[in-house]
Each structure stands twice: as C-alpha cells, then as structure tokens.
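Read through the structure below, which is laid out as structure tokens, and then see the notes.
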Amino acid sequence: MAFDAYDGVMNNQTLSQHYQQILGVTEPWRVGEVSLDASGLSIEIRMELNSDTIWACPTCHGRAHIKEWEERRWRHMGNCQFKIFLSARVPKVRCDEHGTRTVQVPWAEGSSRFTMLFEAFAIEVLRACTAKRASELLEISWDEAALNGFWEWLGVEACAHIKAISIDMGKPYQNSARRYFPQAALIFDPFHLMKMLNGAVDQVRREEVVLGTKSAQSSLKKTRQLWLWGEENLPARHSARFDVLTASTLKTARAWRLKEMWRTMKQCVDVHDALAFFKKCYALCMSSKINPVKKVARCFKAHLAGIVPFFMHGFCNAVAEGVNSRLQLLIQKACGYRNRERLKTDILFHFGGRDLSPLSAQ
Ligand SMILES: [Zn+2]
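Per this note's numbering, the sequence shown starts with residue -11, numbered consecutively.
And the structure:
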C-alpha cells in the first residue's frame, strides 16, 4: 500500500475499500474518511454509520432507540511506520428493561481502546518476547492510564481479591493502585530498591573518577561493571582484583558495602526483624557522608510503609515475573488467543488458584 506523501484527507475510494476489507467491517458500519498525518506518522480512519439503521439492545436484542452518542477512538495495527487509529461516534441506545447501553462495534471488544486485530497481534508479540520489549515494539506504555485500563479489564470481582500489589516507586503506578485498591498494601519491589542503590554506587564512582586522588583514579579505571555485580555472581576472573577493591578505602567501595548490606534485608524473617534492620542500615547510610547513598536511604525511609509489607506478604515482582513466563507458556499451549475474554478466563483459572497467584496474595 503506497501513500502520496501529503497531509490531509484522502477521499480515495480504493483506500476506503482497502480498509473496509482488512478491518472486516460489516453493515451498518462502513469506512468513511481516511486521513494521513505525515508529520505525526499516523493514519486516521473514520468509521461511519448508515443513517437508517434500526438498533437493538445489546443485552436482550429488543428494539431500542438512540439516546446519545459517544465519541471513541481505537489504536489499530500499524502500517509500515504509521500508527493507525479508528474513530467513530458510537450510539448509546435506550432499552426499557436494561437502561442505556453502548452499542458494540464489530472491530473492538467492550470498552477497549484497541481493535481486536491489534490485541491479537499484541498477544502474538507477547508470546515471542518480554513484556518490556513488547511495549517497545508495539509503542504502548504502561502509564497510569494503561494500568487503570488493565484493572478495569480484570474486572471488579477479580480486583476485590487483591490484597497486596508489588510496584516500583513511580508515582503513576502508586496513583493507579491507590485509586483502584485503597484496601491493598503497596509493596515496593526489592529489585527496584536495588536498582536505586546500584545507581547511587555508580554515581559515587563517577564522581570519584573525576574528583578522587590520583591513586583512587587509577584504581577505578575500567571498574564500572564490577561494582554492579553482586558479590556472589561476580565472574571468577575478576574476584582477586575485586576483593582488593571492595576492601579498600575508596569512597566507591564504602558505597558498595552499604549497598551489599541493604541486599541482605531480604533475609529478615518478619516485620520486626525487618524494621530493626532498616533502622540500622538507615543510620549507617546517613552517617556515611556519601550523598548519593544518603539520598537513596532518605527515599527508602519515605516509602518505608511500602517496603515493610514485603515481609508480611512475602511476594514480589520476582514472583510476578515467574507468573509471566508461565503465562507465556499458557498462551503457547493454547496456540495463541484470538479472544481476550477467553485469555482472561484462562489466566484466572490457571493463576487464580491457591498455588501461585498475583491476584490473591497469600
Ligand atoms: Zn434490553
């Protein structure tokens, strides 16, 4: 499919027919105007309705009349580097028995912001790679709105079972979780806490490389990656050199030792133990005179209410990632899902049980 490179409306009969075919649009809907925004790299497809359509209530299929209209927009599969969007004014019909109902459109399910074809494609991409890579490839982000959409997709009943949510410290995630689960405990994922500490160690190293003594500068040459390894997974060929480095008086070494101390927090057996450990680590960081480390410690303290529940609920994103790989296996077993309602049912069936569940924490 080739487009002329210009912005604006393409009242091209063939183009409309093309989209009519690939979208599988049926009566009473048809493809109307197709417009191309070359600078924004997007194609907008306007869906139109035959004006003489007789409507039925989506629930009882009895005769119903249009009460109002709702403007909606859906993301569709891309075409080359162009993102494709569908938009339409969708009627809301009034049934005496069932009240006001939004009419179902043939290209999308429920209140989804994606077309069914896009969703099926997204599931295929998720089968082939990680959720992070999939979100990059599909150019969809897990922002607050997406997360809200996910909770709504999951449904009120499933959400009511959620007792704890493991998230990172990003404000949008916290907002979303607070809004949908005021009853649930927010748990900050230890993986993200470690990522912050690793960031602090690296910042200390970068400063010391510039501002440290001549001997510190030469000791730190080509050590960036070394400091990011945990003590137990450092490759053997580096161990002799790293032993000397970590035992040294380098500022970077002191920051690294503090980081390693935090790492042992996960060995705490309960909340009391964890709180005592936290106080000790916090005090040591604050007296360290290492600003990046102090900054992280202060941040941890501000989010303490989300760190301690980890020791109550005993689960974290590592478990969720395990679930993710099991989920991919489930999708592969079923040879791909074409229908997200079925996928949802199967997820709840396989993961809603007592063994390992992100939906109902122990
Ligand atoms: Zn009805």
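Ideal Cβ placement from N, Cα and C applies to all residues, glycine included. The model shown is predicted, which means the values in this text are computed figures rather than measured ones.
Assuming contact is defined by CB atoms lying nearer than 9 Å, are R51 and V93 in contact in what I supplied?
no
How long is the line joining the alpha carbons of R18 and D40, rounded to whole angstroms?
13 Å
Cα-Cα, which of A224, D258, S100 and P280 is closest to L246?
P280
Given 8 Å as the limit, tell me if T90 has its C-beta closer than that to any heavy atom belonging to ligand 1.
no
Any idea which residues DSSP pairs R34 with across the strands?
S75
Answer with yes or no whether the minimum CB distance from F265 to chain B is below 9 Å.
The displayed structure is made up of one protein chain only, and chain B is not part of it.
Taking F70 and L29 to be in contact with their CB atoms under 8 Å, please state how far apart those CB atoms are, rounded to whole angstroms.
5 Å
Proximity below 9 Å, CB of S276 to CB of A241
no
Could you tell me which uninterrupted alpha helix (DSSP H) segments, each at least 4 residues in length, are contained entirely in the region 205 to 236, listed from first to last along the chain?
212 to 216 and 227 to 234
From E219 to V113, what distance separates their C-alpha atoms?
36 Å
Please report the straight-line C-alpha distance between F265 and M104, rounded to a whole angstrom.
50 Å
Taking the Cβ atom as the reference point for each residue, do V197 and L216 lie within a distance shorter than 9 Å?
no
One question on the structure: do L174 and A262 come within less than 9 Å of each other, judged by their Cβ atoms?
no
Less than 9 Å separating the beta-carbons of V78 and P46?
no
Spatial neighbours of C147 in its chain, beta-carbon cut-off 8 Å, leaving aside the 5 residues before and after:
W139, Y168 and F169
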